[in-house]
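Undergrad: To start, I am sharing the structure in question, which I have written as structure tokens.
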Amino acid sequence: MRNLDQHTITQEAIDRLAGTPDPRVREVLTSLIRHLHDFAREVNLTEDEWARGIAFLTATGQKCNDKRQEFILLSDVLGLSMLTVAMNNAKPPECTEATVFGPFFVDGAPHYENGDDVANGASGEPCEVSGSIRGLDGRPVAGARIDVWQADAQGLYDVQRDDLDTAQGRGVLHADEAGMYRFRTVLAQAYPIPTDGPVGELLTATARHPWRPAHLHFRIEAPGYETLVTHVFREDDKWLDSDAVFGVRQSLIAPWVRREDGSYALHYDFVLNPVARG
Ligand code: BEZ
Ligand code: FE
1 MRNLDQHTIT
11 QEAIDRLAGT
21 PDPRVREVLT
31 SLIRHLHDFA
41 REVNLTEDEW
51 ARGIAFLTAT
61 GQKCNDKRQE
71 FILLSDVLGL
81 SMLTVAMNNA
91 KPPECTEATV
101 FGPFFVDGAP
111 HYENGDDVAN
121 GASGEPCEVS
131 GSIRGLDGRP
141 VAGARIDVWQ
151 ADAQGLYDVQ
161 RDDLDTAQGR
171 GVLHADEAGM
181 YRFRTVLAQA
191 YPIPTDGPVG
201 ELLTATARHP
211 WRPAHLHFRI
221 EAPGYETLVT
231 HVFREDDKWL
241 DSDAVFGVRQ
251 SLIAPWVRRE
261 DGSYALHYDF
271 VLNPVARG
């Protein structure tokens with residue numbers, strides 16, 4: 001175990017995991033070491049470059065607080081979040097597809113009745129959102145819990161506004177007995193993901209734009225069904241084919257219809273996947 005070289009060190013590092021009690025932890029770390037070492041060899045990583053990498057990861061951690069999660073953002077722009085979503089959400093094609101969770105969900109959002117205005121003062125053009133929640137068998141999922149959250153007309157979530165201490169553009173609703181939901185809000189707009197941190201530097205260094213196409217976030221939960229975390233995207237958005245976090249799915253794109261009074265309406269029906277019975 002002395003005089004390890006750039007080839008033999010990998011197996012030695014893996015062998016040190018032999019006493020790991022949890023087999024899954026051992027499996028994941030073994031693969032991580034193998035891929036990290038292969039990566040360093042493949043790019044001939046210099047000591048300066050690795051020091052810069054560590055500085056970048058340190059800055060990413062230092063940017064995190066209870067309202068800002070720079071590591072989620074990093075995972076998102078590298079495509080790792082959507083890869084994980086894609087691998088873990090295989091379901092029948094009739095079911096609504098999942099997409100990236102994102103960093104702006106907040107637990108404990110205010111509860112609303114169907115028909116209420118979840119904007120709660122957020123800026124933007126008025127918009128009514130409605131639809132149904134059904135299972136794969138077509139039956140309504142009465143009482144399904146629906147978390148919604150979205151950015152305002154300036155492309156900001158309430159948690160990004162230091163001057164705000166109330167929830168705006170987010171809330172919890174429940175589907176009625178027929179599985180229908182309905183709420184008022186403001187028109188979703190495209191927005192750039194936060195660029196004032198290390199992830200912004202990464203985007204600049206790689207000549208990438210930070211924009212996400214306009215969307216509404218949904219998390220839908222009901223007993224007997226897999227929890228669905230998804231968005232609905234506006235079909236007229238120019239960023240649909242280059243979403244900064246790779247989250248767009250064709251089946252999640254829908255028309256926001258402009259009504260005569262200038263307000264907008266979105267109708268979207270969700271189909272939940274039943275939990276597999278063991
Ligand atoms: C979002 O849609 O809220 C989001 C997702 C990934 C990164 C940044 C924002
Ligand atoms: Fe979003």
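Using UniProt numbering, the letters of the sequence shown correspond one by one to residues 1 to 278. By construction, the Cβ of each residue, glycine as well, lies at the ideal position given by its N, Cα and C atoms. Note that the structure is a prediction, hence the values are computed from the model and not measured.
Leaving out five residues before and five after Asn3 in sequence, what residues of the same chain have Cβ atoms less than 6 Å from its Cβ?
TA: none
Undergrad: Per DSSP, Pro210 is paired with what?
TA: BP columns for Pro210 are empty, so no partner.
Undergrad: Between the Cα of Glu226 and the Cα atoms of Val232, Gly115, Ala205, Ala90, which residue gives the shortest distance?
TA: Ala90
Undergrad: Which complete beta strand (DSSP E) runs does the stretch 181-241 hold, if anything under 3 residues is left out?
TA: Runs of the beta strand (DSSP E) inside the stretch 181-241: 215-221, 228-234.
Undergrad: Can you tell which of Gln168, Pro103, Arg139, Thr166 has the C-alpha that lies nearest to the C-alpha of Ser81?
TA: Ranking the options by Cα distance to Ser81, first place goes to Pro103.
Undergrad: Could you check whether Ile14 and Arg34 sit closer than 9 Å to each other, using their CB atoms as the reference points?
TA: Contact: yes.
Undergrad: Just to confirm before moving on: does the CB-CB distance between Thr99 and Leu202 stay below 9 Å?
TA: no
Undergrad: Tell me whether the stretch 107-117 and the stretch 236-253 touch, counting them as touching only if at least three CB pairs, one residue from each stretch, are closer than 8 Å.
TA: no
Undergrad: Quick check on Gln250: buried or exposed, where buried means 16 or more other Cβ atoms within 10 Å of its Cβ?
TA: exposed
Undergrad: Could you tell me which whole alpha helix (DSSP H) segments of length 4 or greater appear in the stretch 3-65?
TA: Annotation: the stretch 3-65 contains the following complete segments of the alpha helix (DSSP H) (minimum length 4 residues), in chain order: 8-15, 23-42, 47-62.
Undergrad: Check whether the Cβ atoms of Tyr268 and Gly131 lie closer than 9 Å to each other.
TA: yes
Undergrad: Could you spell out where the alpha helix (DSSP H) holding Leu80 opens and where it closes?
TA: Counting along the chain, the alpha helix (DSSP H) containing Leu80 begins and ends at 80-88.
Undergrad: CB of His231 to nearest heavy atom of the ligand BEZ: below 8 Å?
TA: yes
Undergrad: Going straight from the alpha carbon of Thr204 to that of Leu73, what length do you get?
TA: Here the alpha carbons of Leu73 and Thr204 stand approximately 15 Å from one another.
Undergrad: Thr60: which of Pro198, Asn273, Tyr264 sits nearest, CA to CA?
TA: Its Cα nearest to that of Thr60, the residue Pro198 stands out among Pro198, Asn273, Tyr264.
Undergrad: Pick helix, strand or coil for Leu272, following the three-state DSSP scheme.
TA: strand
Undergrad: If you draw a straight line from the alpha carbon of Asp165 to that of Phe56, how long is it in whole angstroms?
TA: So the two alpha carbons sit approximately 31 Å from each other.
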